[in-house]
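Heads up: the structure comes next, in structure tokens.
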Amino acid sequence: MSYYIENTWYRVLSSQLFLILYAILAAFLGINIKTFIIIMVLIIITSYIQGKFLSKGPLGGSSVKAEEVMSAKRLYEEKNLREIQMKDEGLLRDMQPQFRYMMLLNLGLLVGFLYFFLVWGRIGDLHSIFYSFTGNEKIASFLAFLIYMEGFFIINQASMILALRRVGKVLFIVYPNEYIVTVKGIVYKGLISNTAIGFPLPQNVNAILDINRGFVDLVNEGKRTTSIIRLYSRNPKRVYEIIKKHGFKTIETS
112 MSYYIENTWY RVLSSQLFLI LYAILAAFLG INIKTFIIIM VLIIITSYIQ
162 GKFLSKGPLG GSSVKAEEVM SAKRLYEEKN LREIQMKDEG LLRDMQPQFR
212 YMMLLNLGLL VGFLYFFLVW GRIGDLHSIF YSFTGNEKIA SFLAFLIYME
262 GFFIINQASM ILALRRVGKV LFIVYPNEYI VTVKGIVYKG LISNTAIGFP
312 LPQNVNAILD INRGFVDLVN EGKRTTSIIR LYSRNPKRVY EIIKKHGFKT
362 IETS
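Take any residue in the sequence shown, count from 1 to its spot, add 111: that is its number in our numbering.
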């Protein structure tokens with residue numbers, strides 16, 4: 112999410128590419144319920160592709176396979192951290208900007224989908240306008256669908272911008288319930304599959320130890336967002352020492 116927000120050109124260009132492809136397809140399928148369903152399914156699929164295959168790693172570095180990290184020598188492992196996390200009274204406070212941002216963004220998405228349903232019935236009018244200028248059925252259909260989907264895109268982008276202005280800089284915090292540290296990186300369990308962070312960590316990532324609250328934060332500070340992987344631990348100092356030793360490039364001096 113943070114990579115998507117930070118990189119405006121990536122967000123706009125990739126979205127425009129997909130919208131043009133949708134409009135070309137829709138122009139050949141015509142204005143019917145089948146086209147509507149196909150476009151909805153494609154939006155869901157391409158949103159997944161953008162998040163899964165076109166984004167960076169969780170801290171902005173290159174993606175690395177969890178299996179590769181797991182195959183290396185294990186240095187530390189934590190499981191069943193929910194009890195420790197629940198005792199951290201500051202966690203909810205830290206998460207509030209993220210909650211507010213997601214709530215505002217979801218409201219914008221709701222408006223976008225309402226637009227998607229309500230304006231569908233007006234595509235025929237747009238088609239008639241463009242046909243009167245072009246005299247070509249396919250070009251008129253393409254332009255009508257493109258304008259229709261551009262409206263959906265503008266609503267979603269506007270909701271993101273407004274949410275950022277209301278919230279300010281957004282903290283995206285991930286606090287896994289279990290994780291493993293090896294000489295090649297860190298692997299933690301995500302919602303669907305394991306996620307890996309490779310060593311050495313990106314240059315703009317810092318490790319911050321908070322012994323009192325029992326965690327080590329891996330922090331990537333961006334212009335609009337701050338991404339944090341929060342590693343709670345029964346021995347946070349040990350985790351911090353391992354990450355400082357194996358997770359950062361050492362500069363050799365002669």
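Here a beta-carbon is modelled for each residue, glycine too, at the ideal position from N, C-alpha and C.
According to DSSP, residue i sits in a beta bridge with which residue or residues?
| i | result |
| --- | --- |
| glutamate 248 | None, per the DSSP bridge assignment. |
| isoleucine 319 | Asp328 |
| threonine 336 | Val281 |
| leucine 342 | Val327 |
Can you tell me whether DSSP reads residue i as helix, strand or coil?
| i | result |
| --- | --- |
| lysine 300 | strand |
| isoleucine 150 | helix |
| alanine 183 | coil |
| serine 365 | Note that serine 365 scores 32 on pLDDT, short of 50, meaning its location in the model is unreliable and no value can be drawn from it. |
| asparagine 267 | helix |
| glutamate 189 | strand |
| glycine 223 | helix |
| leucine 170 | coil |
| glycine 309 | strand |
| arginine 349 | helix |
| valine 230 | helix |
Considering only C-alpha positions, which residue in the set the options is nearest to residue i?
| i | options | result |
| --- | --- | --- |
| lysine 295 | Val285, Pro287 and Ile308 | Ile308 |
| glycine 235 | Leu218, Ala255 and Ser243 | Ala255 |
| tyrosine 351 | Ile322, Asn331, Lys334 and Lys360 | Ile322 |
| leucine 366 | Gln268, Phe253, Leu128 and Ser239 | A question about residue 366 goes unanswered here, because the residues of the chain that appear run from 112 up to 365. |
Residue i and residue j look like a contact to me (Cβ under 8 Å); what is the Cβ gap, rounded to whole Å?
| i | j | result |
| --- | --- | --- |
| isoleucine 291 | methionine 181 | 7 Å |
| alanine 138 | lysine 249 | 5 Å |
| tyrosine 212 | alanine 274 | 5 Å |
| leucine 140 | threonine 146 | 4 Å |
| leucine 192 | asparagine 288 | 5 Å |
| leucine 202 | leucine 329 | No, leucine 202 and leucine 329 are not in contact; Cβ-Cβ is about 16 Å, not under 8 Å. |
The segment 340-356 contacting the segment 281-289, beta-carbon criterion three pairs below 8 Å: yes
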